[in-house]
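Residue numbers (this note's numbering), protein chains in the order written: chain A, 1 to 245; chain B, 1001 to 1216. Heads up, the thing below is written out as structure tokens.
Quick look at the structure:
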């Protein structure tokens, strides 16, 4: 049984260097349970690195991340139990079937009644009829839906998604948006990196723009997320920690 | 480990690669070391351990490469289990595969060189098992550490062999002391104890360093 829980995640002055390259530079953020936060920014701006730091897979070079009042270092497996991470690379085993991939994750996370949990997840991913087929034969969209269910199979408190809309058709995109809203209502904190600004516009509670590893202001105004983002990218921007959408 | 076995049972790529490689090694050596139907004395011990080391290296590289595919290694590291447990699971999988290769290698060497390995079967198997633990333990740690490195194919043997060479030498000498015309059991036990000592050192270091090495 996991006794640890948290309502907020606080990123304080986090920097991450890879040799001389600075992937994140003095990033500070406050994230609250129930929020849907989008990480926007050009390729190589540090979005995936920030997700990696939040997931505890990447250790900051300096600064710290607190989950509730506690540091990730002190929590280890208890914290990882509360985090669901959908990486851009999907983290599936192509030789295994959809059911086997989900079953492996369900057992790894110690879910009770894994068979029922896996069947529910297959239904949500609309893969029940192809549950026994190897994932290697699935389209990108099908693998994306399966990977999303894999990352949510343990009902995490913090959901981290890297490009979750990649490869999804209209129906799957709508279902994912609905799912994110439901997770948010259930008190999950959702952070996702995306380039799909039009889709993200209807999902986000707030957007954080990363440029060269730093958080940058998104211009105020009533325009669409895309137009404000474009204005920022073409016109530059000053430093600010958060921007409400 | 069950997942690894399931994945391997679908592709069988590691099993086929390592066993064919090891069997080929034995075949080639048998042409070099068997003259006029008489094998060079003691060559069998070296052949067994060389074949195991190279076949093991093939398995080690592939075992973690598979986890890299679609970044599954990150998914494993995110699991709410002690990361040392992930290492032990991978280690057991690699050892199981090496065990199969060992059975094939010992069979072929016994046939080609007419060697009676099982006159002192328990000691011989103990040497193989402890030697496999030591080799696979260091190998699994380095393979995991190098999994994200582009030059892992070059770096793995460069790091692996200098550290595991005491285990391989002890394995060769231990096996030799069992199969020579007048077996020396005390000497075989000494080499076995030495390998066991290395196993304890390697395992302790691997379990201690796996988590920090795997955190980016």
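Cβ coordinates follow ideal geometry from the N, Cα and C atoms, glycine included.
Residues of chain B with CB under 8 Å from residue 109/A, in chain order? Here residue 109/A is taken as the residue at index 109 of the first chain, counted from 1. Chain B residues near residue 109/A: 1079 and 1080.
Closer than 9 Å at the beta carbon, the chain A residues around residue 1011/B: Residue mapping note: residue 1011/B aligns to position 11 of the second chain, counting from 1. Here the neighbours are 95.
Residue 75/A CB to nearest chain B CB: under 8 Å? Numbered from 1 along the first chain, position 75 holds the residue referred to as residue 75/A. Output row for residue 75/A: interface = no.
Whose Cβ in chain A lies nearer than 9 Å to the Cβ of residue 1215/B? Counting from one through the second chain, the residue named residue 1215/B turns up at place 215. Correct list: 56, 57, 58 and 59.
Flag this pair as yes or no: are the beta carbons of residue 107/A and residue 125/A separated by less than 8 Å? Position 107 of the first chain, counting from 1, holds the residue named residue 107/A. Position 125 of the first chain, counting from 1, holds the residue named residue 125/A. Their beta carbons are not under 8 Å apart, which means residue 107/A does not touch residue 125/A by this criterion.
Residue 1094/B and residue 1059/B closer than 8 Å at C-beta: Within the second chain, numbered from 1, the residue matching residue 1094/B stands at position 94. Within the second chain, numbered from 1, the residue matching residue 1059/B stands at position 59. Contact: yes.
Going along the chain, which residues of its own chain have a beta-carbon closer than 8 Å to the beta-carbon of residue 1132/B, five neighbours each way excluded? As a first step, residue 1132/B is located in the second chain; it is residue number 132 there, counting from the start. Contacts found: 1052, 1056, 1095, 1098, 1099 and 1102.
What's the gap between the Cα of residue 68/A and the Cα of residue 83/A? Position 68 of the first chain holds residue 68/A. Position 83 of the first chain holds residue 83/A. When rounded, the distance between both Cα atoms is 13 Å.
Span of the alpha helix (DSSP H) around residue 88/A: Locating residue 88/A in the first chain gives position 88, where the first residue counts as 1. Careful: residue 88/A lies outside any alpha helix (DSSP H) and carries neither H nor E.
Within the same chain, show all residues whose beta-carbon is closer than 7 Å to that of residue 132/A, passing over the 5 residues directly before and after it, in chain order. Residue mapping note: residue 132/A aligns to position 132 of the first chain, counting from 1. Cβ within range, chain order: 97 and 99.
Could you check whether the Cβ of residue 1006/B sits closer than 8 Å to any Cβ belonging to chain A? On the second chain, residue 1006/B is found 6 positions in, with the first residue counted as 1. Yes, residue 1006/B counts as interfacial toward chain A.
Under a CB-based cut-off of 8 Å, is residue 48/A close to chain B? Taking the first chain and counting its residues from 1, the one referred to as residue 48/A is at position 48. It does not: the Cβ of residue 48/A has no partner Cβ on chain B nearer than 8 Å.
Does the distance from the CB of residue 1165/B to the CB of residue 1198/B come in under 8 Å? Position 165 of the second chain, counted from the first residue, corresponds to residue 1165/B. Position 198 of the second chain, counted from the first residue, corresponds to residue 1198/B. Going by C-beta atoms, residue 1165/B is not nearer than 8 Å to residue 1198/B.
Rounded straight-line distance, which links the Cα of residue 1141/B to that of residue 1154/B: Along the second chain, one-based indexing puts residue 1154/B at 154. Along the second chain, one-based indexing puts residue 1141/B at 141. Answer to the nearest angstrom: the Cα atoms are 16 Å apart.
Quick one: what's residue 1056/B bridged to in DSSP? By 1-based counting over the second chain, the position of residue 1056/B is 56. In the DSSP output, where bridge partners are listed per residue, residue 1056/B has none listed.
Within chain B, the residues that residue 104/A reaches when beta carbons sit closer than 8 Å: Start at 1 with the first residue of the first chain, and residue 104/A comes out as number 104. Result: 1003.
Quick one: measure Cβ to Cβ for residue 77/A and residue 1081/B, integer angstroms, because I've assumed they're closer than 8 Å. For the purposes of this step, residue 77/A is taken as residue 77 along the first chain, with counting starting at 1. For the purposes of this step, residue 1081/B is taken as residue 81 along the second chain, with counting starting at 1. Correct: roughly 6 Å between the Cβ atoms.
Which residue comes first and which comes last in the beta strand (DSSP E) that contains residue 181/A? As a first step, residue 181/A is located in the first chain; it is residue number 181 there, counting from the start. Taken as a continuous stretch (DSSP letters only), residue 181/A belongs to no beta strand (DSSP E), being part of the alpha helix (DSSP H) at 170-185.
So which residues of chain B does residue 80/A contact, with C-beta pairs closer than 8 Å? Taking the first residue of the first chain as position 1, residue 80/A is located at position 80. Under the 8 Å cutoff, chain B gives 1078, 1079 and 1080.
Cutting at 6 Å between CB atoms, please list the residues of its own chain near residue 1002/B, excluding the five before and the five after it. Within the second chain, residue 1002/B is the residue found at index 2, counting from 1. Excluding sequence neighbours, residue 1002/B sits near nothing in its chain.
Please state the DSSP three-state secondary structure of residue 60/A. Against the first chain, residue 60/A aligns to sequence position 60. Residue 60/A: coil per DSSP, three-state reduction.
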